[in-house]
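The next block holds one structure in the form of structure tokens; read it before the comments.
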Amino acid sequence: MTIAHRPSVTKAVIPAAGLGTRFLPATKATPKEMLPVVDKPAIQYVVEEATSAGLTDILMVTGRNKRPLEDHFDRAYELEELLAGKGDQDKLAKVRESSELATMHYVRQGDPKGLGHAVLCAEPHVADQPFAVLLGDDLIDPRDPLLAKMIEVQGELGGSVVALMEVDPEDIHLYGCAEVKPAEWPGGRGVDQGEVVRITDLVEKPDREAAPSNLAIIGRYVLDPAVFEVLHETKPGRGGEIQLTDALVELAKRTPGRGGPVHGVVFKGRRYDTGAKADYLRAIVRLASEREDLGPEFRDWLRAFVTTELPEMGY
Ligand code: G1P
0 MTIAHRPSVT KAVIPAAGLG TRFLPATKAT PKEMLPVVDK PAIQYVVEEA TSAGLTDILM
60 VTGRNKRPLE DHFDRAYELE ELLAGKGDQD KLAKVRESSE LATMHYVRQG DPKGLGHAVL
120 CAEPHVADQP FAVLLGDDLI DPRDPLLAKM IEVQGELGGS VVALMEVDPE DIHLYGCAEV
180 KPAEWPGGRG VDQGEVVRIT DLVEKPDREA APSNLAIIGR YVLDPAVFEV LHETKPGRGG
240 EIQLTDALVE LAKRTPGRGG PVHGVVFKGR RYDTGAKADY LRAIVRLASE REDLGPEFRD
300 WLRAFVTTEL PEMGY
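Numbering follows numbering that gives the first Met the number 0, with no gaps: position 260 of the sequence shown is 259.
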């Protein structure tokens, strides 16, 4: 198949059915995706990332208690009217922004049976086109575009593409881990040859000793629609859940035209993990420090906090 005949990627799937128990009690009545990172809900960064890569058809896979997600990406007429009446254009723009980003669709996962199962819920919407999957716990800095590179690699090489990142071997048990070899590809317009690898195997959350590398899957995927047929057959894996990683192991073995192969784009940019409390705090501090409006004041405070207040507190 030539590049010109390959269908381009236009749809993004964002699994958002998780219960967010790590952030209780904050997540008792609020979806974890709505927790603010500085002043924007985490999920809005993810939707903005998808739209920046040209994906304006977004399917969110949600569950019970996720209504605020739908409201956030919808119009808020009363609030808009109120702000318009006051002539507060700045705030009005902030309210409208999230409702104008993309065409949003929602499907409910019902039983939370794992990431593979969440992706399977997207099958009727996605049908037979390659599509992107973005996991909300990983935020990718907009200055280091990753998804556009992955889409380019998928367009050139076909099959599926996952984002990989080198992590401390101590942390590999938190991720899907890839065994790789060099890719047979000279590189493309926006992607260097060294950034792309061919995936030969994957293991979901291995022990440090069993890990084939320190290359972790971070939460960005561009998938061939053959993944659905594979997921239908995928048995529950680690944690009794249907794992997307296990379906990708099967696709990695397949030939082009049958859903294979699987390539990895090794990301070296800025990634913020918001999935665990300490990482979430780090993400906020980093992003707030760099904000044009908040940064100067916050950086001054942070400097004084580290050099004076922390020692005074005995740390
Ligand atoms: C999921 C995937 C895992 C991947 C991770 C990235 O795990 O199963 O392979 O490395 O996302 O964030 P989760 O963190 O949802 O348990």
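In this text, a Cβ means the ideal position worked out from N, Cα and C, and glycines have one as well. This one's a predicted model, so the numbers in the text were calculated from it and none came from an experiment.
Inset, instruction - Within 10 angstroms of the Cβ of arginine 197, are there 16 or more other Cβ atoms? Answer buried if so, exposed if not. - result: For this step, residue 197 is matched to residue 198 along the sequence shown. A residue is called buried once 16 or more other Cβ atoms fall within 10 Å of its Cβ, and arginine 197 is buried on that count.
Inset, instruction - For leucine 388, count neighbouring C-beta atoms within 10 Å of its own C-beta (all shown protein chains included) and say buried if the count is 16 or more, exposed if not. - result: The question about residue 388 has no answer here: the residues shown for the chain are numbered 0 through 314.
Inset, instruction - May I ask whether a heavy atom of the ligand G1P can be found less than 6 Å away from the beta carbon of isoleucine 42? - result: By 1-based counting over the sequence shown, the position of residue 42 is 43. Outside the cutoff, so no.
Legend entry - Cβ-based neighbour list, arginine 370, same chain, cut-off 7 Å, excluding 5 preceding and 5 following: The structure shown has nothing for residue 370, since the chain only spans 0 to 314.
Inset, instruction - Kindly confirm or deny that the segment 95 to 102 and the segment 12 to 30 touch, where touching means at least three C-beta pairs closer than 8 Å. - result: The segment 95 to 102, when compared against the segment 12 to 30, does not touch it at the 8 Å Cβ threshold.
Inset, instruction - Could you have a look at serine 51 and say whether DSSP puts it in helix, strand or coil? - result: Numbered from its first residue, the sequence shown carries residue 51 at position 52. Looking at serine 51 - three-state DSSP - the assignment turns out to be helix.
Inset, instruction - Quickly, what does DSSP pair threonine 199 with across the bridge? List them, please. - result: Counting from one through the sequence shown, the residue named residue 199 turns up at place 200. Bridge pairing for threonine 199: absent [DSSP].
Legend entry - Boundaries of the beta strand (DSSP E) in which lysine 180 is found, first to last residue: Along the sequence shown, read from residue 1 onward, the residue named residue 180 stands at position 181. Note, lysine 180: beta strand (DSSP E), 175 to 181.
Inset, instruction - Taking only heavy atoms of the ligand G1P into account, decide whether any of them is closer than 6 Å to the Cβ of leucine 18. - result: Locating residue 18 in the sequence shown gives position 19, counting from the first residue. No, Cβ of leucine 18 sits at least 6 Å from all heavy atoms of the ligand G1P.
Legend entry - glycine 313 in three-state terms, based on DSSP: In the sequence shown, counting from the first residue as 1, residue 313 sits at position 314. Annotated three-state conformation of glycine 313 is coil, per DSSP.
Legend entry - Helix, strand or coil at threonine 9 according to DSSP, with G and I counted as helix: Taking the sequence shown and counting its residues from 1, the one referred to as residue 9 is at position 10. DSSP places threonine 9 outside both helix and strand once states are collapsed to three, so it counts as coil.
Inset, instruction - Determine, using beta-carbon pairs with one atom in the segment 126 to 135 and one in the segment 184 to 202, whether at least three such pairs fall under 8 Å. - result: The answer is no - the segment 184 to 202 does not touch the segment 126 to 135, with fewer than three Cβ pairs under 8 Å.
Legend entry - Presumed contact (8 Å Cβ cut-off) between threonine 273 and valine 12, rounded CB distance: As a first step, residue 273 must be located in the sequence shown, where it is residue number 274. As a first step, residue 12 must be located in the sequence shown, where it is residue number 13. The pair is not a contact, with the Cβ atoms about 19 Å apart (cut-off 8 Å).
Inset, instruction - With a threshold of 16 other CB atoms inside 10 Å of the CB of phenylalanine 72, please say whether the residue is buried or exposed. - result: Looking up residue 72 in the sequence shown gives position 73. With a threshold of 16 other beta carbon atoms within 10 Å, phenylalanine 72 meets it and is buried.
Inset, instruction - Using 6 Å as the cut-off, classify the Cβ of glycine 218 as near or not near the heavy atoms of the ligand G1P, replying yes or no. - result: Numbered from its first residue, the sequence shown carries residue 218 at position 219. Result yes, Cβ under 6 Å from the ligand G1P.
Inset, instruction - Could you give the DSSP three-state label for histidine 4: helix, strand or coil? - result: On the sequence shown, residue 4 is found 5 positions in, with the first residue counted as 1. Here histidine 4 scores only 46 on pLDDT, less than 50, and its place in the model should not be relied on; the value that follows carries that caveat. The answer is helix: DSSP assigns histidine 4 an H, G or I state.
Legend entry - Per-residue DSSP class, three states only, for phenylalanine 266: Here residue 266 refers to the residue found at position 267 of the sequence shown. Here phenylalanine 266 sits in coil by DSSP.
Inset, instruction - Please list, in chain order, all residues of the same chain as glutamate 32 whose beta carbon is under 7 Å from its beta carbon, the five residues on each side excluded. - result: Locating residue 32 in the sequence shown gives position 33, where the first residue counts as 1. Closer than 7 Å at Cβ, skipping near neighbours: Ala15, Pro40, Ala41, Ile42, Leu68 and Gly135.
Legend entry - Given 8 Å, three or more beta-carbon pairs between the segment 147 to 160 and the segment 242 to 256: Yes: the two stretches touch, three or more of their Cβ pairs being nearer than 8 Å.
Inset, instruction - Please state whether DSSP places valine 125 in a helix, a strand or coil. - result: Looking up residue 125 in the sequence shown gives position 126. Three-state result, valine 125: helix.
Legend entry - Helix, strand or coil at leucine 301 [DSSP, three-state]: The sequence position of residue 301 within the sequence shown is 302, counting from 1. Under the three-state reduction of DSSP, leucine 301 is assigned to helix.
Legend entry - DSSP beta-bridge partners of histidine 104: The count along the sequence shown starts at 1 and reaches residue 104 at position 105. Histidine 104 pairs with Leu58.
Legend entry - Proximity of arginine 219 and leucine 146 at Cβ, strictly below 7 Å: In the sequence shown, residue 219 corresponds to position 220, counting from 1. In the sequence shown, residue 146 corresponds to position 147, counting from 1. For the 7 Å CB-CB criterion, arginine 219 and leucine 146 form a contact.
Inset, instruction - Give the secondary structure of proline 224 by DSSP, where H, G and I count as helix, E and B as strand, and everything else as coil. - result: By one-based count along the sequence shown, residue 224 stands at place 225. DSSP, reduced to helix, strand and coil, places proline 224 outside both helices and strands of the structure shown, so it counts as coil.
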